[in-house]
Each structure stands twice: as C-alpha cells, then as structure tokens.
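Chains as they are written, first to last, in this note's numbering: chain A, 64 to 411; chain B, 64 to 411. The structure under discussion appears below in the form of structure tokens.
Protein chains: 2
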Amino acid sequence: MSMKKIIKVKDIEIGNGKVTIQTMLSKKTTLVEENLADIIALKNAGCHIVRVAVSNDDEVVALRKICEKSVLPIVADIQFDYKMAIASIEAGASKIRINPSNIGDNSKVELICKKAKEYCIPIRVGVNMGSLDSEVEAKYGRTALGLAKSCIKCAELLESFDFFDIVLSVKASSVKTMVEACKILHKSTDYPLHIGVTEAGTKETGVIKNAVGIGALLLEDIGDTIRISLSAEPIEEVFASRRLLKSLNLLQGATVVSCPTCSRCNYDLFTFAKEIEEMTFDIKQNLHIAVMGCVVNGIGEGKDADIGIAGGGDNNFVIFQQGKVLKTVTSDNYKEEFLRLINEKIME
Amino acid sequence: MSMKKIIKVKDIEIGNGKVTIQTMLSKKTTLVEENLADIIALKNAGCHIVRVAVSNDDEVVALRKICEKSVLPIVADIQFDYKMAIASIEAGASKIRINPSNIGDNSKVELICKKAKEYCIPIRVGVNMGSLDSEVEAKYGRTALGLAKSCIKCAELLESFDFFDIVLSVKASSVKTMVEACKILHKSTDYPLHIGVTEAGTKETGVIKNAVGIGALLLEDIGDTIRISLSAEPIEEVFASRRLLKSLNLLQGATVVSCPTCSRCNYDLFTFAKEIEEMTFDIKQNLHIAVMGCVVNGIGEGKDADIGIAGGGDNNFVIFQQGKVLKTVTSDNYKEEFLRLINEKIME
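Right, here's the structure in full:
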C-alpha cells in the first residue's frame with residue numbers, strides 16, 4: 064500500500080497506508096435531510112467516505128445541499144451521462160466515480176477530466192464485470208484479465224487527457240475473479256485501489272464473500288479503501304468493514320476473542336461474549352479481551368489477552384491478565400467486576 | 064489439495080479435493096438423545112463430521128451411545144487424559160483429536176497410537192496457540208513458525224510410533240498467524256489440513272475472521288476440511304461454512320447475487336433477496352440467481368445469471384436469463400412468477 068500514489072478526497076487520503084471505509088447512501092438522493100442524518104450516523108459508525116447516486120437534475124440540486132452540510136466527503140456516482148458528472152463536480156462532490164466505457168465518446172470523458180481538474184477532485188475509474196469495455200471483452204472475455212485490462216484502458220484514456228488524480232476499482236460478484244483482477248491491477252499501476260465484491264447478496268452471504276475477497280487482498284497488502292457491498296442498510300456495511308479491518312489489525316479498537324461451541328462450558332458464554340463485544344465495540348484503542356468457557360483451556364488460550372474471564376464451574380469465574388490469574392469472582396458479580404476491570408484498563 | 068494423503072473418517076474422506084465441513088456439539092456430551100437429534104439437524108444443514116468433547120467416564124459411556132446411532136462420523140476431542148483417548152477409541156469414535164503436547168509422557172501418546180491403529184482410525188494432531196510445545200515455544204516464540212513447528216514436532220512423534228493416519232491443524236485467534244502457520248504446514252507435510260480460526264468471537268465477528276482466514280487459504284488451494292468456530296450454535300457454524308465454500312465454488316448449490324444499497328432501487332430488494340436466498344438455500348445443484356435493483360444496470364450486471372429479476376420502475380419488473388429479457392411482470396405477480404421460473408430451471 065505504501066508504494067501507491069496518495070489521492071485526496073477532501074480531508075481523507077486514499078493510499079497513505081491506512082485503509083479507509085466507504086459505503087453508499089440507500090435513500091433517494093433527493094431526500095436531503097434524511098441523507099444528511101444518515102451521513103452523521105455513518106460517520107459515528109466509522110465510515111470515512113460516502114457515495115451517492117446522481118442520475119438527474121433534481122439529484123444534482125440535492126447533491127449540492129448534501130455536499131454543503133455533509134460531515135463526510137461525498138463521492139458522486141455517475142452511470143452514463145457526462146453532464147451529470149460535470150454538474151456533480153460543480154455541485155461540490157469531493158470525488159466522482161465513473162466507468163468511462165459507459166460514458167460514450169472520449170470527448171465527453173475529456174470534458175469530465177477538465178472539470179475535475181478545474182475543481183481539483185479525483186476520479187474513481189470503477190469497472191464492473193457487468194460493464195466491460197467491449198473491445199477488451201472481445202479480446203480477453205469475461206475474465207479477471209479482461210476486467211483488469213478494461214480498467215487499465217480506461218485509466219489510460221484519462222491519462223491521455225493529462226489527468227492522473229485517479230483511484231481504480233474492478234468489481235465482480237465472483238470472489239475469485241475480483242481477487243485475481245485486483246492483483247493484476249496492483250502489479251500494473253501505482254494508483255490506489257478501491258476494493259470490494261459487488262452484488263455480493265444478502266447480509267449473511269455478502270459479508271462472507273466480501274471478507275474472503277477483501278481479506279485475501281488485504282492480507283497481501285493490496286487495497287487502499289474498501290466497500291463491503293450488501294443488500295442491507297449502509298450502516299451494516301460500515302460495521303462489517305470495521306470488523307474486517309480489525310481482524311487484520313488494520314483498525315485500532317477492542318477485540319473480543321471467545322470460545323466456540325463446546326460442551327465443557329458451564330455458563331451462557333454466547334450471550335456474555337456478545338454483551339461484552341457490544342459494550343466495547345466503540346473503544347478506539349487496542350484492547351484484547353478474552354471471554355472463555357472453562358479455566359482448563361481458557362487461561363492458556365487467552366494468554367495474549369490484556370484481560371480475560373473464564374468460567375470455573377461451581378459458580379466461580381476467574382479473571383486473568385496475560386495468562387495470569389488476577390482474581391476469582393462468583394456468578395453474582397462476574398459481569399460487573401469484569402466490566403469494571405475493563406474500564407480500568409481503558410483508563411490506564 | 065490433490066497432493067495430500069487421503070484420510071478416512073468412517074465414510075468421509077479428508078484430502079480428496081472436496082472440502083468437508085465440521086462442527087462441534089455444544090450440549091453436554093452426556094445428553095445423548097439431544098445430541099443425536101442435533102447431529103441429524105447438523106447433517107441436514109450440510110455438516111460432514113461432528114466433534115464431541117470427552118473428559119470423563121460418564122462422557123465415554125455417552126460417546127458410545129452417540130457413536131452407535133449417529134448419522135455422521137464422530138470425532139472425540141481429548142484435552143489431557145490419554146485414558147480418555149483410549150476409551151473413546153474403544154467406544155467407537157471414528158477419529159480422535161489430541162494435542163500430544165498436552166498428553167504428557169510420550170509413552171502415553173504411543174499407547175493412543177497403538178489403540179488407534181488397532182481400531183483403524185485416524186488422529187488429528189490439533190495444536191492451538193494456547194498450547195504450544197514448550198521447547199518449541201522457547202525457541203521460536205508465540206509465532207506462526209512456532210505454531211507450525213509445534214504441530215510438525217507432534218506429527219513426528221506419532222510417526223516415530225509408526226503411525227501415519229494423521230490430519231493436522233494449527234489454530235490461533237489471530238487470522239494472520241493462523242494463515243501463515245497453515246502455509247508453512249502445507250509446504251512441510253502431505254497430511255491433510257483441518258483449518259479454522261479459533262476463539263474467533265461472536266457470530267458476527269467470528270464469521271468475518273474465519274472467512275478471511277479460511278478463505279485466503281482455500282483461494283490458494285490450502286485446506287481439506289474446515290471448522291468455522293463461533294460463539295454460537297453449531298448449526299450457525301455449518302451454515303456459515305456452506306456460504307463460505309459456495310463463495311469459492313467449492314460447494315454446489317444456488318447462489319443469489321443481489322444489488323448493494325443504492326438509491327436507484329424502487330422496491331424492497333433487501334427483503335426479496337433474502338426471501339429468494341432462503342427459499343433456494345438447500346438446492347443441491349448449481350443455479351446462479353440475480354436479484355437486481357434496476358433494469359439500467361441490472362440486466363448487464365446479471366449477465367452471468369441463469370435467471371434474474373430487475374426492478375423496472377412503474378410497478379414493472381423484468382425477468383431475464385443470461386442477460387436476455389425473458390418477460391415483463393408486474394408488482395402484483397413478480398414473486399410468484401420468479402419463483403415459478405426458478406422451479407422450472409431446477410426441473411430442467
């Protein structure tokens with residue numbers, strides 16, 4: 064990631080080594096007040112950049128109002144009409160996303176580039192499997208290579224207009240295709256990459272597809288900004304993105320490890336682990352918490368935890384730090400005591 | 064995967080190229096009837112092998128009853144006591160899982176190997192970050208290499224007793240550590256690998272951690288059998304495993320792609336996509352279904368779908384096949400008609 068060009072979207076940098084989280088508004092763009100409220104909630108949930116679809120003049124008017132008051136940088140998503148792209152830039156978008164293959168004449172793409180340069184905003188070249196460049200598709204087929212080549216061709220078109228303020232993305236609903244295409248892009252260019260699996264499906268399936276695809280890339284230090292696409296509310300995309308980044312130590316915060324299902328456990332660990340996770344989800348500093356079923360394994364397996372608890376049978380619980388017992392508590396007070404000690408840790 | 068040794072767990076092969084799904088019973092082992100009912104439900108949900116903890120004589124008695132009637136092969140999970148391992152083998156377990164470092168004297172491990180050989184069942188050498196071999200830990204630290212070396216040392220101990228019917232696993236709650244350790248094992252041995260992230264946390268966090276870790280390995284053809292460890296019911300682990308394998312085309316079945324959040328959508332796509340996914344979740348043949356928000360993008364992006372539907376505005380919906388329009392339906396009958404056509408596809 065560190066070798067990538069840094070692209071600025073208002074005050075957010077893409078490509079500086081810190082992976083940013085994006086989502087897209089789900090309400091009609093014209094519902095200005097509702098969308099502004101959503102943007103505040105999304106920022107509080109951990110989102111860095113928000114995208115909004117702009118398809119007609121009414122939406123351009125709404126976009127201007129949203130951009131004026133938004134607490135997050137706004138990316139205007141343009142499907143076909145170059146006039147919408149130009150109007151969105153003039154309306155205050157901090158970045159636009161286009162697929163140049165869908166815009167038509169190259170002269171129209173050139174006009175968009177000129178306007179973006181005038182307003183000093185970047186363009187994301189976003190190519191999806193559903194909208195490949197037709198010549199490239201004819202040559203390489205609907206493959207990962209075709210997807211990557213399509214995107215590179217579009218970026219070269221922008222470069223031919225002396226425009227280099229570019230973020231790239233190649234998305235597919237096939238995890239394998241998307242991963243392979245991103246790896247090709249990563250090798251071929253130094254523009255930062257926006258990564259994600261598109262049309263990933265319902266929340267339950269989509270989270271898994273995105274975790275596999277985005278995760279595999281981030282494990283190899285590929286990817287600078289992510290969107291987890293779900294058929295679910297945008298805030299769910301943001302929460303899932305945070306969990307994903309935390310799982311790879313790419314985002315600070317509390318993490319709760321807890322035992323899987325096992326008949327050795329003597330208390331309602333599932334509920335307790337969930338409660339602890341919810342109560343510590345918004346902590347901004349690293350804190351490794353373990354919620355374990357039994358003492359036998361629990362303390363050993365929770366060795367790396369800053370603080371942990373393990374059920375001990377006979378209504379006893381043991382609270383431990385880095386593998387060493389701190390104190391024993393009972394089923395009457397284990398929750399309060401554990402939370403009190405977590406808070407102490409946070410205050411340290 | 065194809066280069067791995069094939070290990071048989073009753074009628075299930077590990078290492079034959081087909082990735083199998085495992086989970087662990089969550090009820091007390093002594094609750095025989097409840098566990099047998101759970102095993103039936105787990106099999107119906109798509110589970111191939113089930114593990115059960117055996118820690119005392121009562122549980123050995125229960126294990127025997129479970130093994131006699133179980134519809135899935137049973138793996139006995141042993142923590143420390145070699146007598147429990149031997150008794151579990153005699154009680155009919157189809158495989159046992161031990162961490163030789165936890166068993167004590169090598170002579171005890173030898174007795175387990177002899178008994179397993181007598182009963183022709185395999186042993187999984189399962190090493191977790193919480194129970195590394197102490198010499199290896201002193202030399203390599205609590206690292207991925209230490210984890211892999213610990214496991215290899217244990218496997219060599221079994222080999223020294225002329226025992227080679229082995230499956231290996233190295234688990235950690237750190238995704239990166241587990242992925243790295245599995246890659247080392249994959250290069251170093253030809254025993255099949257059981258892979259998973261342990262103590263992965265709550266359902267929501269744990270699914271993501273496992274999808275990243277297991278997914279990254281499976282993308283590189285590493286891993287022969289999986290368990291997604293969650294602080295949730297075993298059946299949730301099985302459902303998540305199926306979604307994960309489907310996302311990498313490692314399991315046949317229906318897949319539903321559907322649009323992410325976008326203001327262009329004119330109907331309640333989230334609910335509809337979820338309904339379609341639930342209704343087709345158990346289909347055993349490959350069927351690629353697309354549920355799209357709008358016609359503009361939908362048909363193009365759903366090009367690879369066997370059958371798809373896209374909202375068209377004005378209460379119209381378009382049903383399409385491989386990118387070509389099949390028919391137009393209205394908001395009054397789109398659900399029934401789409402389901403009818405999906406059923407036709409299945410019957411073909």
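Even glycine gets a Cβ: it sits at the ideal position worked out from N, Cα and C.
Separation of residue j from residue i, as counted between CA atoms
i, j, result
"residue 422 of chain A", "residue 323 of chain B", "In the structure as shown, chain A begins at 64 and stops at 411. Residue 422 of chain A is therefore absent and cannot be evaluated."
"residue 87 of chain B", "residue 262 of chain B", "13 Å"
"residue 330 of chain B", "residue 375 of chain B", "9 Å"
"residue 223 of chain A", "residue 388 of chain B", "37 Å"
"residue 96 of chain A", "residue 125 of chain A", "10 Å"
"residue 186 of chain A", "residue 269 of chain A", "26 Å"
"residue 176 of chain B", "residue 67 of chain B", "21 Å"
"residue 290 of chain A", "residue 336 of chain B", "20 Å"
"residue 423 of chain A", "residue 281 of chain A", "This structure cannot speak to residue 423 of chain A, because chain A is shown only from 64 to 411."
"residue 257 of chain B", "residue 168 of chain A", "53 Å"
"residue 304 of chain A", "residue 367 of chain B", "27 Å"
"residue 317 of chain B", "residue 392 of chain A", "49 Å"
"residue 173 of chain A", "residue 74 of chain A", "26 Å"
"residue 190 of chain B", "residue 286 of chain A", "32 Å"
"residue 319 of chain A", "residue 119 of chain B", "30 Å"
"residue 396 of chain A", "residue 404 of chain B", "58 Å"
"residue 365 of chain B", "residue 340 of chain B", "16 Å"
"residue 155 of chain B", "residue 130 of chain B", "6 Å"
"residue 104 of chain A", "residue 300 of chain A", "13 Å"
"residue 386 of chain A", "residue 407 of chain A", "18 Å"
"residue 149 of chain B", "residue 157 of chain B", "12 Å"
"residue 362 of chain A", "residue 267 of chain B", "24 Å"
"residue 231 of chain A", "residue 178 of chain B", "59 Å"
"residue 345 of chain A", "residue 109 of chain A", "9 Å"
"residue 72 of chain A", "residue 85 of chain A", "12 Å"
"residue 297 of chain A", "residue 279 of chain B", "25 Å"
"residue 240 of chain B", "residue 196 of chain B", "16 Å"
Chain A residues whose Cβ lies nearer than 8 Å to that of residue i
i, result
"residue 193 of chain B", "360, 363, 364, 365, 366"
"residue 311 of chain B", "238, 239, 275"
Beta-carbon neighbours of residue i, restricted to chain B and to distances below 9 Å
i, result
"residue 267 of chain A", "270, 302, 303, 306, 337, 340"
Residue from the options with nearest C-alpha to residue i
i, options, result
"residue 81 of chain A", "A:118, A:102, A:111, A:131", "A:111"
"residue 380 of chain B", "B:74, B:137, B:230, B:359", "B:359"
"residue 144 of chain B", "B:170, B:155, B:132", "B:170"
"residue 220 of chain A", "A:256, A:184, A:161", "A:161"
"residue 284 of chain A", "A:242, A:202, A:225", "A:242"
"residue 276 of chain B", "A:135, A:307, A:207, A:407", "A:307"
"residue 163 of chain A", "A:155, A:229, A:303", "A:229"
"residue 250 of chain B", "B:271, B:227, B:211, B:264", "B:211"
"residue 180 of chain A", "A:192, A:142, A:227", "A:227"
"residue 114 of chain B", "B:121, B:267, B:98, B:120", "B:98"
"residue 356 of chain B", "A:347, A:264, A:409, A:403", "A:264"
"residue 153 of chain A", "A:302, A:266, A:344, A:122", "A:122"
"residue 377 of chain B", "B:394, B:300, B:362", "B:394"
"residue 128 of chain A", "A:371, A:332, A:244, A:92", "A:92"
"residue 199 of chain A", "A:134, A:193, A:183, A:216", "A:216"
"residue 314 of chain A", "A:209, A:78, A:83, A:238", "A:83"
"residue 400 of chain A", "A:370, A:100, A:386", "A:370"
"residue 236 of chain B", "B:142, B:207, B:225", "B:207"
"residue 409 of chain B", "B:348, B:209, B:188", "B:348"
"residue 418 of chain B", "B:254, B:108, B:321", "Only positions 64 to 411 of chain B appear in this structure, which leaves residue 418 of chain B out of reach."
"residue 354 of chain A", "A:296, A:344, A:346, A:334", "A:334"
"residue 166 of chain B", "B:151, B:141, B:184", "B:141"
"residue 218 of chain A", "A:248, A:272, A:234, A:202", "A:248"
Contacts of residue i in chain B (Cβ-Cβ under 8 Å)
i, result
"residue 242 of chain A", "282"
"residue 319 of chain A", "264, 265, 268"
"residue 150 of chain A", "Neighbours of residue 150 of chain A on chain B: none; closest Cβ ~17 Å, over 8 Å."
Chain A residues whose Cβ lies nearer than 7 Å to that of residue i
i, result
"residue 278 of chain B", "274, 275, 278, 279"
Near the ligand FAD: residue i beta-carbon under 6 Å from a heavy atom
i, result
"residue 142 of chain A", "No copy of the ligand FAD appears in this structure; indeed no ligand is present at all."
Interface partners of residue i on chain B, CB under 7 Å
i, result
"residue 292 of chain A", "323"
Per-residue contacts from residue i into chain A (C-beta, under 9 Å)
i, result
"residue 261 of chain B", "320, 322, 323, 364"
> Quick one, which residues of the segment 372–400 of chain B are near chain A if we go by CB-CB under 7 Å, in chain order?
Replying inline: Here the close residues number zero.
> At what residue ranges does the segment 229–253 of chain A contain a whole run of the alpha helix (DSSP H), taking only runs of 4 or more?
Replying inline: 238–251
>> List, from N- to C-terminal side, the beta strand (DSSP E) runs of 3 residues or more that fit wholly inside the segment 293–380 of chain A.
In response: 317–321, 350–355, 370–374
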